[in-house]
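Reviewing the structure listed below.
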Amino acid sequence: MTHLLGRRPAVASAVTALAAVLSSSAPAAAAPPQLPQLLPGDAVASSVVADRSRWIVAARPGAESRAIARRLGARSIGGSAWVVPATRARGLAKAFERAGVLTYSEPDRLSRRRQAVGADPLSPQARWRDVVADPGLAPPPVTPTSPLLALIDSRLDETHPEIGGSAISTLGSQPLSDSHGTATATVAAAPVNGVGMVGVWPGMRALNLPVPTQIRCSDSSSNINRAVQAGAAVINMSYGSASACFAEYEQLQRATRAGVTLVAAAGNELAAGNPLEFPASLPHVLTVAAVGQDLKATYFSNANAAVDLSAPGEGIVTAVPPGFDRDRTADGYEALDGTSFSAPMVSAAAAWVRAARPDLTPDQVAQVVRLGARDVGRRGWEPSTGFGVLSVEGALARKAPPEDPGEPNDDIVWVDGRAFGKPAARLWQGRGVARRFGLLDRFEDPVDVFRVRLPARSRTLITVRPRGGDPDLAVVPGTTKRLYRSRLLARSRRSGDRTETVTVPNRSGRARNVYVATYVHSGGPSLDAAYDLIIRRAPR
Numbered sequence: 001m002t003h004l005l006g007r008r009p010a011v012a013s014a015v016t017a018l019a020a021v022l023s024s025s026a027p028a029a030a031a032p033p034q035l036p037q038l039l040p041g042d043a044v045a046s047s048v049v050a051d052r053s054r055w056i057v058a059a060r061p062g063a064e065s066r067a068i069a070r071r072l073g074a075r076s077i078g079g080s081a082w083v084v085p086a087t088r089a090r091g092l093a094k095a096f097e098r099a100g101v102l103t104y105s106e107p108d109r110l111s112r113r114r115q116a117v118g119a120d121p122l123s124p125q126a127r128w129r130d131v132v133a134d135p136g137l138a139p140p141p142v143t144p145t146s147p148l149l150a151l152i153d154s155r156l157d158e159t160h161p162e163i164g165g166s167a168i169s170t171l172g173s174q175p176l177s178d179s180h181g182t183a184t185a186t187v188a189a190a191p192v193n194g195v196g197m198v199g200v201w202p203g204m205r206a207l208n209l210p211v212p213t214q215i216r217c218s219d220s221s222s223n224i225n226r227a228v229q230a231g232a233a234v235i236n237m238s239y240g241s242a243s244a245c246f247a248e249y250e251q252l253q254r255a256t257r258a259g260v261t262l263v264a265a266a267g268n269e270l271a272a273g274n275p276l277e278f279p280a281s282l283p284h285v286l287t288v289a290a291v292g293q294d295l296k297a298t299y300f301s302n303a304n305a306a307v308d309l310s311a312p313g314e315g316i317v318t319a320v321p322p323g324f325d326r327d328r329t330a331d332g333y334e335a336l337d338g339t340s341f342s343a344p345m346v347s348a349a350a351a352w353v354r355a356a357r358p359d360l361t362p363d364q365v366a367q368v369v370r371l372g373a374r375d376v377g378r379r380g381w382e383p384s385t386g387f388g389v390l391s392v393e394g395a396l397a398r399k400a401p402p403e404d405p406g407e408p409n410d411d412i413v414w415v416d417g418r419a420f421g422k423p424a425a426r427l428w429q430g431r432g433v434a435r436r437f438g439l440l441d442r443f444e445d446p447v448d449v450f451r452v453r454l455p456a457r458s459r460t461l462i463t464v465r466p467r468g469g470d471p472d473l474a475v476v477p478g479t480t481k482r483l484y485r486s487r488l489l490a491r492s493r494r495s496g497d498r499t500e501t502v503t504v505p506n507r508s509g510r511a512r513n514v515y516v517a518t519y520v521h522s523g524g525p526s527l528d529a530a531y532d533l534i535i536r537r538a539p540r
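So the sequence shown is numbered by full-length UniProt numbering: it starts at 1 and just counts up by one.
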């Protein structure tokens, strides 16, 4: 998932040294999260803010790993990951390792919601919706098959006038504990009912998946999985942490594979170090910053190279449970600040676009939503507002970029069968010519990895022709487990828009498997690239 083209690194914090196996100086974000091998008592694990009573251990999907996990009392959170009491984590990891199926283990990281301080009360007729969707623009009719928006959040107030009798439902048993879930859901979906407020897509199908006040990695991961199983077209995540969590990343990759559009709040920590936040900074996630009523970046919204676009996030009048209404009116509405409320605007818009333009792939939907944003501030992309402020009209009118098939393929684990149970199809097996269009972005889609089979006693010609930006090319052995710790068979990293070409010999009498990887050139000015990959036998 990326955009055509022109994202340039604009903040020093986003550009540091990269794993040298592919290039010598690219953003660290160019390397997607790596498989952690952390267990209770490890020094690195102790630095992560987490629920110390629980651990996450993952194994290659299959009957054997399920049997081991159940025997040791682990609970599945979807995909390959299991939650287990910390006292049993080492035993489970060792059992998986003995069976040859262990993939990763990590602490159960904690996240926080993306709500800033409450703003002054405003009229329920506040015009934030007019900023993102023209009042004269008719939304699609809501039917039982309309795209479903899943919001992973605190439990919403089902008795609120904006929710009772609407198409907003809840799946889960958490108690009503705060206003956050009610507020985010109604920003997206509050119906036209003659009272209060109206959401971005009024009356849209929305599903609230409640999580505890302290959101653990396993809570996020299991609810992403539940959202996919419930048929969500879009998932909204108005929470985050400065620590990455691989189980959450795995579930987001699975959601991407299932065709879900992913949206997350950028975070409200600009004055607290402006950290990269997760899941917002993970690949294939639309990251949403906040602007004020003047359409300028707010004082709190994180600003970095992960930001895709922005939406109003200051003084957002939205519904809250009367018992949690802090503006002393107890009328069930409050003006709130935070990227938490910017994100569901984008999520609702993405669902609207999916309904209005069903011919687009989920990746293309994400593309037109961000590239159709209204430019504000400096021309083009910038770290504080991304490509600009959300515009439903712009997204509906934006020409879709070419389809980028094969995602997710950001590292070997996503194509070799360890994560999904079945390897991705080989792009080329030694006959004819294979062609594949691809898009890259150091944050959204950092690497494309393809399985290729080299014929016995042959020479294979692999070419990358840039369509934009500066893509590079590498080839590693088929026995490689981690792309960023691999031995190179071949590499081409010419600067600029020059074609990258390598010839890979196979002198053996047997066919040989390799991985072909493309990525953004480390020395170039752009964060993204588009290319054509061509594989054929080299001329004799």
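Glycine included, C-beta positions come from ideal geometry on N, C-alpha and C. Predicted model only: the values in this text are computed from it and were never measured.
Check residue i in the structure and name its three-state DSSP category.
i: L22; result: Unreliable placement is indicated for L22, whose pLDDT of 45 sits below 50; no coordinate value is reported for it.
i: S123; result: Note on S123: pLDDT 38, under 50, position unreliable in the model; no value is reported.
i: Y299; result: coil
i: H521; result: coil
i: W55; result: strand
i: W414; result: helix
i: P27; result: Reliability of the predicted coordinates at P27 is poor, the pLDDT of 32 falling under 50, and the value obtained from them is presented with this limitation in mind. Three-state result, P27: coil.
i: F246; result: helix
i: A271; result: helix
i: G240; result: strand
i: R491; result: strand
i: A43; result: helix
i: A264; result: strand
i: P322; result: helix
i: A255; result: helix
i: G118; result: A caution first: G118 carries a pLDDT of 44, below 50, which makes its placement in the model too unreliable to give a value.
i: R485; result: helix
i: H3; result: Annotation note: pLDDT 42 at H3 (below 50); position unreliable, coordinate value reported separately. The answer is coil: DSSP assigns H3 none of H, G, I, E or B.
Which residues mark the beginning and the end of the beta strand (DSSP E) in which residue i is found?
i: F450; result: 447 to 454
i: P362; result: No beta strand (DSSP E) contains P362, which is instead part of the alpha helix (DSSP H) from 362 to 371.
i: V285; result: 285 to 291
i: V317; result: 316 to 319
i: S310; result: 309 to 312
i: V376; result: Neither: V376 is in no beta strand (DSSP E) and is coded neither H nor E.
i: D532; result: 528 to 537
i: L148; result: Where L148 is concerned, there is no enclosing beta strand (DSSP E), given that its DSSP letter is neither H nor E.
i: E500; result: 500 to 506
Between which two residues does the alpha helix (DSSP H) carrying residue i extend?
i: F437; result: Element bounds for F437: not the alpha helix (DSSP H) but the beta strand (DSSP E), 434 to 441.
i: V132; result: 128 to 132
i: W352; result: 339 to 356
i: I224; result: 217 to 229
i: L461; result: That residue, L461, is in no alpha helix (DSSP H); its beta strand (DSSP E) goes 458 to 469.
i: V64; result: For the sequence presented, residue 64 should be read as Glu rather than Val. Its alpha helix (DSSP H) spans residues 63 to 71.
i: L396; result: 392 to 397
If you compare alpha carbons, which of the options is closest to residue i?
i: R435; options: F420, V452, G421, A419; result: V452
i: G469; options: L454, P477, S495; result: S495
i: residue 612; options: R113, G73, S105; result: This structure leaves residue 612 out entirely; the chain is present only between 1 and 540.
i: P202; options: T501, V49, A355, A348; result: A348
i: D153; options: A538, A185, Y519; result: A185
i: Q293; options: D337, A271, E407, C245; result: D337
i: V49; options: P161, D108, A59; result: D108
i: V449; options: L461, V464, G430, W414; result: W414
i: D416; options: P383, R498, T480; result: T480
i: F387; options: R328, V317, A335, N304; result: N304
i: R491; options: I163, V187, V464; result: V464
i: D331; options: T213, R442, H284, H160; result: H160
i: G523; options: R536, V504, R493, S220; result: R493
i: D325; options: D157, R70, S47; result: D157
i: V353; options: A335, G372, S340; result: G372
i: residue 625; options: P32, D497, S166; result: In the structure as shown, the chain starts at 1 and stops at 540, and residue 625 therefore has no counterpart that could be examined.
i: P466; options: F437, R457, A232; result: F437
i: Q429; options: A271, G73, G165, R512; result: R512
Consider the C-beta atom of residue i and the heavy atoms of the ligand GTP; say whether any pair is separated by less than 8 Å.
i: W414; result: Annotation note on the ligand GTP: not contained in the displayed structure, which lists no ligands.
Taking 9 Å as the CB-CB cut-off, is residue i touching chain B?
i: N506; result: Chain labels in this structure do not include chain B; a single protein chain is all it has.
(request) May I ask you to verify whether the segment 332 to 351 touches the segment 256 to 273, counting CB pairs closer than 8 Å and requiring at least 3? (result) yes
(message) Counting beta carbon pairs with one atom in the segment 203 to 212 and one in the segment 162 to 176, are three or more of them shorter than 8 Å?
(response) yes
(message) For the pair the segment 92 to 101 and the segment 235 to 250, tell me if three or more CB-CB distances fall below 8 Å.
(response) no
(request) Scan the segment 68 to 101 and note each continuous alpha helix (DSSP H) run of 4 residues or more that stays entirely inside, going in chain order. (result) 86 to 98
(request) Check whether the segment 306 to 318 touches the segment 368 to 386, counting contact only when three or more Cβ pairs, one atom from each stretch, lie closer than 8 Å. (result) yes
(request) Could you say if the segment 474 to 488 and the segment 510 to 528 meet the contact criterion of at least three C-beta pairs nearer than 8 Å? (result) yes
(request) Jot down the residue ranges of each uninterrupted beta strand (DSSP E) in the segment 153 to 238, minimum 3 residues, whole runs only, in chain order. (result) 168 to 170, 206 to 210, 234 to 237
(message) Three Cβ pairs or more, each shorter than 8 Å: is that satisfied between the segment 398 to 416 and the segment 353 to 371?
(response) yes
(request) Determine contact between the segment 312 to 325 and the segment 269 to 287, defined as no fewer than three beta-carbon pairs at a distance below 8 Å. (result) no
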